[in-house]
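Each residue of the sequence shown is one higher than the one before, starting from 0 at the first, in numbering that gives the first Met the number 0.
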Amino acid sequence: MSKLLKFDDEARRALEAGVNKLADAVKVTLGPKGRNVVLDKKFGAPTITNDGVSIAKEIELEDAFENMGAQLVKEVATKTNDVAGDGTTTATVLAQAMVGVGMKNVAAGANPMGVKRGIEAAVKAAVDSILAQAKDVDDKSDIASVATISAADASIGEVIAEAIDKVGKDGVVTVEESNTFGTELEFTEGMQFDKGYLSPYFVTDADRQEAVLDDVYILFNQGKISTVQALLPVLEGVMKTGKPLVIIAEDIEGEALATLVVNKIRGTFNSSAVKAPGFGDRRKAMLQDMATLTGGQVISEDVGLKLENATLDLLGTAKRVIITKDTTTIVDGGGSSEDVQGRIAQIKTEIDNTDSDWDREKLQERLAKLAGGVAVIKVGAATEVELKEKKHRIEDAVSATRAAIEEGVVAGGGTALVRARPSVQSVVESLSGDEQTGARLVYEALVAPARHIAMNAGLEGSVMVNAIEAESGTVGLNAATGEMCDLVKAGIIDPAKVTRAALQNAASIAALVLTTECVVADKPEPAAPMGGGGMDPMGGMGGMM
């Protein structure tokens, strides 16, 4: 296939056009008075959302060169979402601002590589400033404030704060759809560990990229599984019940994995396979924890059990298992509470007896997973469209809350980025030439989120930015009321991790766009001519008058 090429300024302008189109679609959602975006779906009702990454993922531009720019900014949103779980719109707005200012400088003759070095130095100073501003989250009201800001709903904020208060900072919070109206909170026995599905073909929810299996059998195997022959007795037994199966083992590979995948694709048998977490003795212990929680038994030659002889009564059960590419969550396992409490007591004894800090830390992690349980937020709404939008907001708010617990909180509304400007100004003054230009570019871009939050609230963006700069500390604009106030006291706070990740990812992509000198795209195939079959234009009746 032949290729199309663009060079120099023409290439960068095409990328910038794509960046702007995607960013303009995303930034209308920023702030408490941000609007929603409606996304068309090929099947069913359209989706209504104010989640930056969901909007970005839907955008594909007709022009191949512009589309490259859009895809680069999409990467900013996706990466920020992966790292911090929120802040995707902020990241997109920052990237657009940096690319816009940077393009003017490069067009005026600045060397892109020098500009890139300046951007990196300025971003490091800004990140240090953001982390210095951060305040630890140590009470329920702070958690509720973060969740409220992310979800734009105080009642949701309270529910999330209650959930995290009950399961602890390391506990698991999941979000499910419900048939009722309103938002409810339930607590169940459960556990989450950091291993995901072994094949994306196991996914049952394509939008969320999750495998969700209800009323499920779970097989725990200490060794590797590579042949179907070893699995057959278990597979046949489970298939007769009509229930799905999750296999958690040291590894599942070769024809064993291929058989599970093929049967899942054909719809013959719903299953999923996950690698067991940990290594060596720790893996054995964690498998036993899970087996206790679900009422199963670990298949291991250490206890005289072989996979070929496994029966249904050795399998664990759970009400639901949710598997993503990175994590597996077991909800409401079928184990008896006496067995679970006995296992918890055993781990506590091991903690008391160990001399190793590392062992103690790992044992405490296991204890938290086993004892913490799972909080399930059940979301209901009048229509399916509203339900999906509300569920999305709650998932974002849970992620934002986790980020706040990790790295603390800063003043919201883009104020923390504005407060980082003096640190960046010091870097600007310490540099010269093109590097100084790059650092100044970051200095100018830091006000973009605050400006757009004000503009979406119907205020004059530049005037409000000047008003924020005239104040100090955590005083900034409450866009919901249009007044200046102490944002931390008012509960308008953002997770420092979200703000930091948004800035770092935006700067990374902006630097790449500015240093691009050539873009290459596939040349579109010419449309195939309509087949006429040699017929007369009048439908084969041209001889008649």
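In this text, a Cβ means the ideal position worked out from N, Cα and C, and glycines have one as well.
As a beta-bridge residue in DSSP terms, N220 pairs with A248, I298.
For R319, same chain residues with a beta-carbon under 6 Å away, outside a window of 5 residues either side, are D213, V330 in chain order. In this structure, the straight-line span from the alpha carbon of E9 to that of Q95 is close to 18 Å.
With a beta-carbon spacing of about 7 Å, F180 and A381 fall inside the 8 Å limit used to define contacts. Here the alpha carbons of P243 and G333 stand approximately 15 Å from one another. Here Q191 carries a strand assignment [DSSP, helix/strand/coil]. The alpha carbon of A255 has as its nearest neighbour, out of L230, S270, M238, the alpha carbon of L230. A Cβ-Cβ contact shorter than 8 Å links L362 with T353. With 16 or more other Cβ atoms from the protein chains shown falling within 10 Å of its own Cβ, R11 counts as buried. Beta-carbon to beta-carbon, L71 and P448 are separated by about 19 Å, too far to satisfy the 8 Å threshold. Of all alpha-carbon atoms in E524, L502, K26, V519, the one lying nearest the alpha-carbon of K78 is that of L502. DSSP lists L244 as the bridge partner or partners of S270. When the beta-carbon positions are compared, E249 and Q221 come within less than 8 Å of each other.
Ranked by how close their Cα comes to the Cα of A16, the residues M67, I155, V245 have M67 in first place.
Taking all protein chains shown into account, K139 has fewer than 16 neighbouring C-beta atoms within 10 Å of its C-beta and is therefore exposed.
Residue pairing by DSSP leaves M238 without any beta bridge partner. Assignment of N477 by DSSP, reduced to helix, strand and coil, places it in the strand class. Membership of T293 in the alpha helix (DSSP H) is indicated by the continuous run 279-293. Take N80, set aside five residues on each side of it, and the residues of its chain with a beta-carbon closer than 7 Å to its own are V52, T87, in chain order. Taking the Cβ atoms as the reference, L313 lies roughly 22 Å from Q340, outside the contact range of under 8 Å. Sequence-distant Cβ neighbours of G371 in its own chain, meaning closer than 6 Å and more than five residues away, are V166, G167, G170.
When the Cα atoms are used, Q132 and G411 turn out to be separated by approximately 11 Å. M483 carries a strand assignment under DSSP once its states are collapsed to helix, strand and coil. G475 is classed as buried because its beta carbon has at least 16 other beta carbons within 10 Å across all chains shown. Around the C-beta of N465, fewer than 16 other C-beta atoms lie within 10 Å, and the residue is accordingly described as exposed.
Contact check for G315 against A284 fails: the beta carbons are separated by 8 Å or more.
Rounded to whole angstroms, the gap between the alpha carbons of M0 and E59 is 21 Å. Taking the Cα of A153 as reference, the smallest distance to any Cα among A500, K522, I491, I508 is reached at I491.
As a beta-bridge residue in DSSP terms, E183 pairs with K377. When the alpha-carbon of M483 is set against those of G101, S422, T414, the nearest one is in T414.
Taking the CA atoms as reference points, D325 sits about 5 Å from K194.
Annotated three-state conformation of L313 is helix, per DSSP. For I492, the three-state secondary structure derived from DSSP is strand. Here the alpha carbons of A272 and I155 stand approximately 34 Å from one another.
By the C-beta density criterion, Q435 is buried, having at least 16 other C-beta atoms within 10 angstroms. For K2, the enclosing beta strand (DSSP E) has its first and last residue at 2-6.
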